[in-house]
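Please read the structure below before turning to the comments.
8 protein chains.
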Amino acid sequence: MNVKKVLEEYKEGNLSADEAEKQLRLDYIQTIENHTLFDKSRFNRKGIPEIVFGEGKSPVKTAEIACRAESDIVLISRASPEHYSAVHDRIPEARYAEDAKMIIIGEFPEPTGLIGILAAGTSDIQYAEEARIVAAAMGVRSITSYDVGIAAFHRFLDPLKNMLDENVDAIIVAAGMEGALASVVSSFSNVPVIGLPTAVGYGFGGEGETALRSMLQSCSLGIAAVNIGNGVGAGAFAAMISLRCRRPHDEL
Amino acid sequence: MNVKKVLEEYKEGNLSADEAEKQLRLDYIQTIENHTLFDKSRFNRKGIPEIVFGEGKSPVKTAEIACRAESDIVLISRASPEHYSAVHDRIPEARYAEDAKMIIIGEFPEPTGLIGILAAGTSDIQYAEEARIVAAAMGVRSITSYDVGIAAFHRFLDPLKNMLDENVDAIIVAAGMEGALASVVSSFSNVPVIGLPTAVGYGFGGEGETALRSMLQSCSLGIAAVNIGNGVGAGAFAAMISLRCRRPHDEL
Amino acid sequence: MNVKKVLEEYKEGNLSADEAEKQLRLDYIQTIENHTLFDKSRFNRKGIPEIVFGEGKSPVKTAEIACRAESDIVLISRASPEHYSAVHDRIPEARYAEDAKMIIIGEFPEPTGLIGILAAGTSDIQYAEEARIVAAAMGVRSITSYDVGIAAFHRFLDPLKNMLDENVDAIIVAAGMEGALASVVSSFSNVPVIGLPTAVGYGFGGEGETALRSMLQSCSLGIAAVNIGNGVGAGAFAAMISLRCRRPHDEL
Amino acid sequence: MNVKKVLEEYKEGNLSADEAEKQLRLDYIQTIENHTLFDKSRFNRKGIPEIVFGEGKSPVKTAEIACRAESDIVLISRASPEHYSAVHDRIPEARYAEDAKMIIIGEFPEPTGLIGILAAGTSDIQYAEEARIVAAAMGVRSITSYDVGIAAFHRFLDPLKNMLDENVDAIIVAAGMEGALASVVSSFSNVPVIGLPTAVGYGFGGEGETALRSMLQSCSLGIAAVNIGNGVGAGAFAAMISLRCRRPHDEL
Amino acid sequence: MNVKKVLEEYKEGNLSADEAEKQLRLDYIQTIENHTLFDKSRFNRKGIPEIVFGEGKSPVKTAEIACRAESDIVLISRASPEHYSAVHDRIPEARYAEDAKMIIIGEFPEPTGLIGILAAGTSDIQYAEEARIVAAAMGVRSITSYDVGIAAFHRFLDPLKNMLDENVDAIIVAAGMEGALASVVSSFSNVPVIGLPTAVGYGFGGEGETALRSMLQSCSLGIAAVNIGNGVGAGAFAAMISLRCRRPHDEL
Amino acid sequence: MNVKKVLEEYKEGNLSADEAEKQLRLDYIQTIENHTLFDKSRFNRKGIPEIVFGEGKSPVKTAEIACRAESDIVLISRASPEHYSAVHDRIPEARYAEDAKMIIIGEFPEPTGLIGILAAGTSDIQYAEEARIVAAAMGVRSITSYDVGIAAFHRFLDPLKNMLDENVDAIIVAAGMEGALASVVSSFSNVPVIGLPTAVGYGFGGEGETALRSMLQSCSLGIAAVNIGNGVGAGAFAAMISLRCRRPHDEL
Amino acid sequence: MNVKKVLEEYKEGNLSADEAEKQLRLDYIQTIENHTLFDKSRFNRKGIPEIVFGEGKSPVKTAEIACRAESDIVLISRASPEHYSAVHDRIPEARYAEDAKMIIIGEFPEPTGLIGILAAGTSDIQYAEEARIVAAAMGVRSITSYDVGIAAFHRFLDPLKNMLDENVDAIIVAAGMEGALASVVSSFSNVPVIGLPTAVGYGFGGEGETALRSMLQSCSLGIAAVNIGNGVGAGAFAAMISLRCRRPHDEL
Amino acid sequence: MNVKKVLEEYKEGNLSADEAEKQLRLDYIQTIENHTLFDKSRFNRKGIPEIVFGEGKSPVKTAEIACRAESDIVLISRASPEHYSAVHDRIPEARYAEDAKMIIIGEFPEPTGLIGILAAGTSDIQYAEEARIVAAAMGVRSITSYDVGIAAFHRFLDPLKNMLDENVDAIIVAAGMEGALASVVSSFSNVPVIGLPTAVGYGFGGEGETALRSMLQSCSLGIAAVNIGNGVGAGAFAAMISLRCRRPHDEL
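Residue numbers (the working numbering), protein chains in the order written: chain B, 62 to 313; chain Y, 62 to 313; chain W, 62 to 313; chain P, 62 to 313; chain U, 62 to 313; chain R, 62 to 313; chain Z, 62 to 313; chain G, 62 to 313.
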């Protein structure tokens, strides 16, 4: 431990007061990562694994990054089969979650949290699955129900009731098009709803912007949103809520 | 009648064939308003009264225009009390519909059509009322239900069921914020839904654009939209549908 | 039938009042799809067939969905020849409408309704055809006239006159570029005009947004718009109007 | 209780099975607000008080709405001193929170939850205070620290450390301009961060859109955002998280 | 004339070659306004008078600028009656064109050019009049026809025919809303059409952007556009065309 | 000739006055293309050849359209070598202008007009060449100077001086990036400048929108703009000006 | 000095090693403002005075903030005469720079730096003056030349030559409209050009966005931009460059 | 030297005064590139090498341009390996900087300037390297530190301290996503910060626009921005600052 050594050296007269001070100041910079704000145990309780964005990286480079990672769990998002093949060659235990387009390395913890995930259409499933896997990697189980958009309104009532009865701590709603499902779910629920707009749609406002706007502009209180297609962010945010709710507060 | 006169003159030898043709050709331009495309009876069946946009016009100028109008029914939209006062001075039978901010001159026909109008919030009522009055002026009665947004979801189910049971020919949904009510109503209905986005909201997408986008991007089939705040257009469009549905087709 | 069974059981004393009530309440959720709002006969009169969006789905997956569909008529929109080939392998009676890029499964009903469809340019035809086929699947015949944009103004006057003389119940105007055709047609007509903006154009505002804006901002009353390229929505909306106009109101 | 009465009547033979079923089906609609999805106790645990948006409503109308409210706690947001004066005349116990521009009616519950609220600049305080009061009305105490933007970076480190040491369940970051504070706080924290962009700034992107985008586009995981200026929504969302974390799960 | 003087001085030995060269080089900068590119006679044939933008300037300051102007003709655009009053106090011969909101100082030349100006609605007249006055100040007469929008289609056919028969050299079309009039006029004409979009409209795209986009995106060849509300620019551009057409080319 | 025949028949008593009138009215529609507004000789003086937009059309379909065209001159814009090959197979005299990506069929008239075309960068040349060829097809010669952007400011001064000395009737300025060249050229010239923004640039505003905005927002009077990349429109517009300037007015 | 005291106490045995370390770690947070990154002398060399944004603050509140300020020089930007009056009452030596709408408190240092400031139009002067005063407060003199836009191109050549001859270290170009002046100045100069777009203009892109885009999209290298209307930021940035250029590097 | 020759000829009577003047005027145009504004030595001190934008140019064409260049140093940006291969064939000493996607021809000068370059993520490195190479070509060395985004906040403190201690004259911050790093670095520094937004991100605002807006909207003074992805511009701008700071002022 640096600080104590400096103190010792100073006490023993090996360092002048000026030199000791300078040494300690330099230490500010060098040890700022040990700063209470960054302390390991707090960071670890945040529990988000290392996540690499695969899109735009070559399979070879992605595999290299995966090998270098020091974290127990590594997720590679937006990964193609080619990415997986390159990673699998070097890390045989790597698994590929096709729906989420994610490569998973490492074993997930026993789930202690519980959230719900609804996806409005089949094209929203990829983002919902991203969220589910990130949450799982953080120790949070998800009750999922996909293809439950409001056009066939009654389809989502049963799954939603089930989630509420199971006492989920948050509900992620992945929806493109007009994204109205988030508002409707929130008007029926007493848990925080995380809007996850997806780039599903066509024509004017079809790249997910309409869904995002709807979630931000919702008449119903109890909604916050992540960016379009940010399944990773939605999963991490919901899992943080659930872990906080399920763990004794003196452990936080 | 021009054409016959020309024919007569030609027959009687007062006009050469060339002159007659030229006369008739000129007549094309002069009488193009008598053209079958524009013929009076068809135009009249369209039945839209003369509508003056009051906003931005001075009360005095508005009153002048109202006096000059040759139509039996004249509506002045976006009219302030000052507009009304100036109009009323010169046309004592003019009435002021405060909620719709409309001045009404002339008697409305007996209603033969029927539509429904839903407004999501209290601030949407002005536009809903604009639509109701325009429809009324065209001979279409409206069943209205206001302040029925999806945040208190159950509130609009009864009114909607009533409209469907009464067999309305179209439903106008006036909504701001995320405008999800239009999608939800359409998913429950078998009549054309006319989305009327309103400039209600705040922050990003709060000037009605989110509501408009939602209505255009709806997952539910059976919706078309008018521009933000275009209550006049929504009312006229819905009324045209209902009149067409209610009148014997040989009268169309 | 659930409800009657519960009544029976209750009457016979097999269920207490509390248990019967609970059973009936649960039934609310389970049978909400039998709810009068959703009742089959009303839904069926809406008459919109099952429509699958093919774009972005693999041919194999699309064929699977088509096989699973329970509807008599199934349409697959934005379908490539590859989609068709995969579907045709499993459903030999499937047909491919090349202009509309649609796969059609099932026989269409005898037409009872009538609408008009105008397309401004050759590139707008795909969307016009989408609308025509959806309407046909709902039992509505279309009078079509394509490549009649306002640059060669006189070209659309004859077809329009024909549509009006044939007494169409609504006119769909598919147009890209500045989309002015919708306004012009509406100024000449006494039927509801449904603006169908298409992603035809170039440079600033060329993805169909200019056409959409023009249709929303039209000086002429009697226009509502669907989203850019939403031929399916335009066809369904226009057909709903025509069916409502042509059928005896006591059947609605 | 409707259902039981129908059961009784049926059992006693006053109703036929058909009539009873019809009665019960109608009851679906009438009692859908008693549906488990809407059940009072669950809704009440959501605990969000009635909140009226004062802006754009006349003082007189606002006072009327306040009188009619059936909720124990009523908040009127975006309220001017004139609004307050009109409300106070009729409800003498109403209080005015000047910083938040909110009128408060009713007593707040003992706080059981705890959140943190940071505001980057003095102009962000109004929105932070909106959030604080909504949370307080829901039984959640806030540790606040205002005017701590990143331009004088070191200013927010102490307050943030304090919030983390006090074990807040969520941190709201109200920020305009480039909104970078939310990212920075999240990179230092292990609790969910709720981005509250404010319409503070100038020139290109100065209406809060830059702050909103920054919060959606953050490099740091653990952030979700509400709309620009939506202090009410941020407060309600954060309070819902904290209540869920602090209450025994069998009470939820 | 500088150059000759330098030549003289050099010849007479009063200047060394070096000094003469330096003098002449300095002269490059000082006399660049005499440069053939800027030569007076060419600039004068451009014939655009001095135009001051009054909006946002105080009446007093505006009057000062008007007094200082060295041009024979001075126009002050976007001028209020207050501006006029201040200018008139100091320049009694100044006139106020109320429709155009323009103050005019100086006598206009005898018109030698001829253009047409159409305005779609009454609110477009201000911009059309701006154009007319600028053209008049440049010696170009305008045939004008206002309130001739396409909603009442037939209204503009006669005026347009008249303009074409009178052989105008260009037609300015001032239009807001969907701006379709420019396309329609161009499809009927064989002269250059200058689109002058105006900030007339409402809701989405109502600040003139829809009209501008329509004019840029027109299906009809032969249109160019100026910025929204730029009546001054449209008038100057059209007048430049007409002057060029009407004057013998050896005078250009 | 229809009209005369009707007159004849009427005169001879084969038609009643009513029947003759009806016949003539029908004739309005049928002969509206002979209307003076559309009269052939005027349309021909407009002189714009038939132009087919090749992009997005298959080579085969493009060749078919080219064969069907009745115009003496046909241009196919945005044509690839594949387009050319298909056209050339069926129309051996077709030529390919590679720089402009245009296929040319037919002989151009002797030039009677004269315009200037400046292109700021090498990537702007394609659009400048489009303009040049369209103008040539209309009988207007172009003085061109390419790669003369303002970054190397002095490069365009000589070419511009040459154009002005040659007495061009209009100058097209094709420019991407910040598009400042149009303003600079206009400040140096006394001829109408047609801004042709191109989709050249990068990052924010790089798709040509910055160039378009600059041309609309120019401080210099005497500029109008066409849409981004609309070389065809710029060429046609400039050529119409020049033809009008060069031809005796009694021929117009 | 904290650190030395701790060292002393530790040496003297008043603190254990653990306590000393904890004290020093706490000190990290408390003294992070003494961190070398923030060290006073470096910060002071940055030399930017305290600047208060007056707009939207009441005169009374502004005066209070001015009194509380500890800096030798305080600037209040976007200040009205009312602001000044309130400040002057409490700080009699405060001065008001009317053109810049700035209140100045304190004496400016002797200028050691030198920059140039060009403003394209009279409406740009306010922002140019903001920049000039901020630079002056930092010890940098400005050579200014206003109303030198490119429409009268030759007007800015002399002033620019003068600035370059005086060897300015940076040139700020304040321009609205199409903002082309920045590109033109940069193409003529060998010093860094700071683009200061202003909200001057009209119609599409008239709020300064066109000028901003032009400066970002410039063909000429050597330009960077600040936000629209950010005269304060432009002045501070340019002054930082000049101070760095003019001071001996060992003083930096 | 032209001018002297004319003077001579005039003095000797070989030229009349008129002819001499005309000759000298023509000389204005021909020699404007020798104008002091453009004088070679000043331009050379600007020291920016010739930079060719490779993207969108064929390898063959790019090689040709490289051969034709007269500059000692030529850089080809956005160059692919195919570009390099074609250039290398003709210019064997050409080198390829893979990270920057740049081809380099010629030897760089000994560095006399010094700047710092930070890149937030690995995807920002390309743009940072572009800047580094352009600066190197101008004689300015860069201290670089890549992958130091604020999500792992502490990572950039050491590199930044190092840059400040080394006394860099400017710091370029390349960042995508929310671009907050630029604000944070500026709040810690006393040197000009040049924001270089990159098109890194996803969903709403992910093409670099959020980063650009953040840099323009920064709370911290001392930042100016270049366009998204404009590494070349950032490098040239920063290098111009450093060269100016490091060279004796009498050499400028």
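Every residue gets a Cβ at the ideal spot worked out from N, C-alpha and C, and that includes glycine.
Which listed residue (the options) has its alpha carbon closest to that of residue i
i, options, result
"Ala140/R", "Glu239/R, Ser132/R, Ile166/R", "Ile166/R"
"Val209/R", "Ser203/R, Val201/R, Leu218/R", "Leu218/R"
"Phe249/R", "Asn223/R, Ile194/R, Phe298/R", "Asn223/R"
"Gly115/Z", "Ala297/P, Thr183/P, Val252/P, Ile204/P", "Thr183/P"
"Ala286/G", "Asn251/G, Ala236/G, Val261/G", "Ala236/G"
"Glu171/P", "Glu270/P, Val201/P, Arg156/P", "Val201/P"
"Ser44/U", "Met276/U, His149/U, Gly269/U, Leu68/U", "The requested residue 44/U is not part of the displayed model; chain U covers only 62 to 313."
"Met238/W", "Glu270/W, Ser244/W, Asn251/W", "Glu270/W"
"Asp160/B", "Pro220/B, Asn251/B, Glu190/B", "Glu190/B"
Distance CB(residue i)-CB(residue j) smaller than 8 Å
i, j, result
"Pro258/W", "Ala241/W", "no"
"Ser132/U", "Glu154/U", "no"
"Arg274/Z", "Thr173/Z", "no"
"Gly294/Z", "Ala196/Z", "no"
"Ile137/Y", "Ala147/Y", "no"
"Ala81/U", "Leu225/G", "no"
Supposed close pair residue i, residue j - CB separation, criterion 8 Å
i, j, result
"Met163/G", "Ile186/G", "So it is not a contact: roughly 13 Å between Cβ atoms."
"Ile255/P", "Ala299/P", "5 Å"
Which residues, taken in chain order from the region 295-309 of chain B, show a beta carbon closer than 7 Å to some beta carbon of chain P?
From the region 295-309 of chain B, only Ala297, Phe298, Met301, Ile302, Arg305, Cys306 have a Cβ closer than 7 Å to chain P.
With three or more beta-carbon pairs closer than 8 Å as the criterion, would you say the region 174-189 of chain G touches the region 225-243 of chain G?
Proximity of the region 174-189 of chain G to the region 225-243 of chain G meets the contact definition, three or more beta-carbon pairs being nearer than 8 Å.
Return the residues of the region 252-274 of chain Y that lie within a Cβ-Cβ distance of less than 7 Å from chain P, sorted by chain order.
Sequence-ordered contacts of the region 252-274 of chain Y with chain P read Tyr263, Gly264, Phe265 [C-beta pairs closer than 7 Å].
Within 8 Å, do at least three Cβ pairs link the region 282-297 of chain Z to the region 272-284 of chain R?
Cβ pair count under 8 Å is below three, so no.
Meets three-Cβ-pair contact criterion under 8 Å: the region 298-305 of chain Y and the region 259-271 of chain B
No contact exists between the region 298-305 of chain Y and the region 259-271 of chain B.
Using a Cβ-Cβ cutoff of 8 Å, what residues of the region 176-209 of chain U are near chain R? List them in chain order.
For chain R, none of the residues of the region 176-209 of chain U brings a beta carbon within less than 8 Å of one of its beta carbons.
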